[in-house]
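Undergrad: 240 is the number that numbering that gives the first Met the number 0 gives to position 241 of the sequence shown; each next residue is one higher, with no gaps.
Beta carbons: idealized from backbone N, C-alpha and C, even for Gly.
Remember, predicted model here, so these are calculated numbers, not experimental data.
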Amino acid sequence: MKAAVVLMAYGSPERLADVPAYYSDIRGGRPIPAELMADLVERYRRLGIDDGSPLNAITEETRAALERELVDVPVFTGMKHWAPRIADAVDRAVASGAETVVGLVLAPHYSSMSIAGYRQQLEDALGGRAELAFIESWHDEPGFVDLLAERVRGTEGHVVFTAHSLPARILESGDPYKEQLLETSQLVAERAALETWSFSFQSESQTGEPWLGPDIIDHFRELHGEGVRDVLVCPVGFVADHLEIRWDLDHEAAEQAEALGLGFRRVEMPNADPAFVQVLAGLVRRVLAVPSEA
Ligand code: FEC
Numbered sequence: 000m001k002a003a004v005v006l007m008a009y010g011s012p013e014r015l016a017d018v019p020a021y022y023s024d025i026r027g028g029r030p031i032p033a034e035l036m037a038d039l040v041e042r043y044r045r046l047g048i049d050d051g052s053p054l055n056a057i058t059e060e061t062r063a064a065l066e067r068e069l070v071d072v073p074v075f076t077g078m079k080h081w082a083p084r085i086a087d088a089v090d091r092a093v094a095s096g097a098e099t100v101v102g103l104v105l106a107p108h109y110s111s112m113s114i115a116g117y118r119q120q121l122e123d124a125l126g127g128r129a130e131l132a133f134i135e136s137w138h139d140e141p142g143f144v145d146l147l148a149e150r151v152r153g154t155e156g157h158v159v160f161t162a163h164s165l166p167a168r169i170l171e172s173g174d175p176y177k178e179q180l181l182e183t184s185q186l187v188a189e190r191a192a193l194e195t196w197s198f199s200f201q202s203e204s205q206t207g208e209p210w211l212g213p214d215i216i217d218h219f220r221e222l223h224g225e226g227v228r229d230v231l232v233c234p235v236g237f238v239a240d241h242l243e244i245r246w247d248l249d250h251e252a253a254e255q256a257e258a259l260g261l262g263f264r265r266v267e268m269p270n271a272d273p274a275f276v277q278v279l280a281g282l283v284r285r286v287l288a289v290p291s292e293a
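So, in structure tokens, the structure goes:
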């Protein structure tokens with residue numbers, strides 16, 4: 000049976016001039032207040048995207064490494080909000096002769112407001128042309144937990160696990176997102192034998208409704224009030240360096256920590272680390288029921 004992988008990522012504008020079209024795609028056509036647009040353009044400018052988009056480059060590096068690892072299963076990148084689109088990746092997978100398409104998202108936790116959207120785009124594009132093997136979530140994958148545990152083990156700081164916030168209304172429909180995030184954090188903390196850790200959300204958007212909290216900025220204030228003096232931030236809901244890491248954490252959260260007199264460090268992201276690529280390859284092999292070579 001011939002298979003191909005559609006490796007899905009959020010996607011990022013390639014240059015500053017792309018930001019309005021990219022933001023419109025994220026908003027699904029809903030109007031964007033001018034000040035929010037200006038603010039986003041400024042964040043990307045300060046990130047230096049005209050010299051290269053970190054996320055798109057890392058996604059390509061990860062794709063190529065995964066394809067080498069899988070040997071005879073081609074891997075095509077599909078972005079949720081930028082090019083190459085998920086639909087283009089699906090067309091290329093089908094053209095490669097795949098009878099089964101594996102859908103794998105570079106985000107470990109399921110939510111109706113994140114992974115379900117990737118799945119919808121993939122299913123619409125596939126239109127029954129091949130069998131779909133979609134990996135819904137991999138938040139408790141032992142290799143992923145080990146990889147994060149390696150990065151926090153032995154720290155003397157208080158570990159703050161983080162993930163992208165979502166509108167709080169997701170909890171009313173029994174969405175597993177928050178539960179899965181706490182499970183990953185708990186598993187990593189146990190594996191690394193951490194003495195002190197907590198979880199907070201980050202990167203909330205201004206959409207006029209309540210989002211899941213606590214937000215990391217408020218959380219730092221609480222921790223400082225409790226006597227914590229050093230934090231090590233470990234994002235569990237993202238796997239690559241991008242705007243939400245390099246701006247929201249390395250700039251905004253770090254600035255807040257400095258104002259409080261809190262020592263701030265962040266773990267390295269998995270990016271295209273060979274150990275992380277092994278984790279992804281294991282997920283694909285399992286869903287295709289191909290035995291691991293290891
Ligand atoms: O580096 C980059 O260029 C892209 C960084 C990036 C990642 C990312 C991941 C997630 N998001 C999730 C949910 C939402 C919801 C909204 C929303 C809005 C934005 C905006 C930008 C943006 N997100 Fe994102 N997200 C990234 C970037 N995200 C830019 C728009 C400006 C802003 O609000 O700051 C609100 C949409 C709306 O207004 O309707 C909801 C979730 C993830 C993690 C899972 C995943 O990676 O798919 C959940 C990376």
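1) Mind checking which residues open and close the alpha helix (DSSP H) that includes Ala115?
2) Pull up the distance between the alpha-carbon of Ala115 and that of Asp174, whole angstroms please.
3) Along the chain, where does the beta strand (DSSP E) that runs through Leu103 open and close?
4) In angstroms with no decimal places, state the Cα-to-Cα distance between Gly156 and Leu193.
5) So for Gly51, helix, strand or coil by DSSP?
6) Under a Cβ-count criterion, where at least 16 other Cβ atoms within 10 Å of its own Cβ denotes burial, should Glu140 be classed as buried or exposed?
7) DSSP three-state label for Phe237, please.
8) Leaving aside the five residues before and after Glu257 along the sequence, list all residues of the same chain whose C-beta is less than 8 Å from its C-beta, in chain order.
9) What is the residue span of the beta strand (DSSP E) that Leu131 lies within?
10) I need the straight-line Cα distance from Gln185 to Asp38, nearest angstrom please.
11) Is it a yes or a no for the segment 1–15 touching the segment 65–80, going by three-plus beta-carbon pairs under 8 Å?
12) So, under 8 Å CB-CB, Ala239 and Ile57 are touching, yes? Tell me the CB distance rounded to an integer number of Å.
13) What residue from Gly142, Met0, Glu13 and Arg67 has the CA that sits closest to Leu282's CA?
14) Please state whether DSSP places Met36 in a helix, a strand or coil.
15) Does the count of Cβ pairs from the segment 117–136 and the segment 81–92 closer than 8 Å reach three?
TA: The structure says:
1) Ile114 to Leu125
2) 11 Å
3) Thr99 to Val104
4) Rounded to whole angstroms, Gly156 to Leu193 spans 10 Å at the Cα level.
5) coil
6) Counting the other Cβ atoms within 10 Å of the Cβ of Glu140 gives 16 or more, which makes it buried.
7) coil
8) Within the same chain, Glu257 has close Cβ partners Phe263.
9) Glu130 to Phe133
10) So the two alpha carbons sit approximately 35 Å from each other.
11) yes
12) Here Ala239 really is in contact with Ile57; their C-beta atoms are around 5 Å apart, less than 8 Å.
13) For the residues Gly142, Met0, Glu13 and Arg67, the minimum Cα distance to Leu282 belongs to Gly142.
14) helix
15) yes
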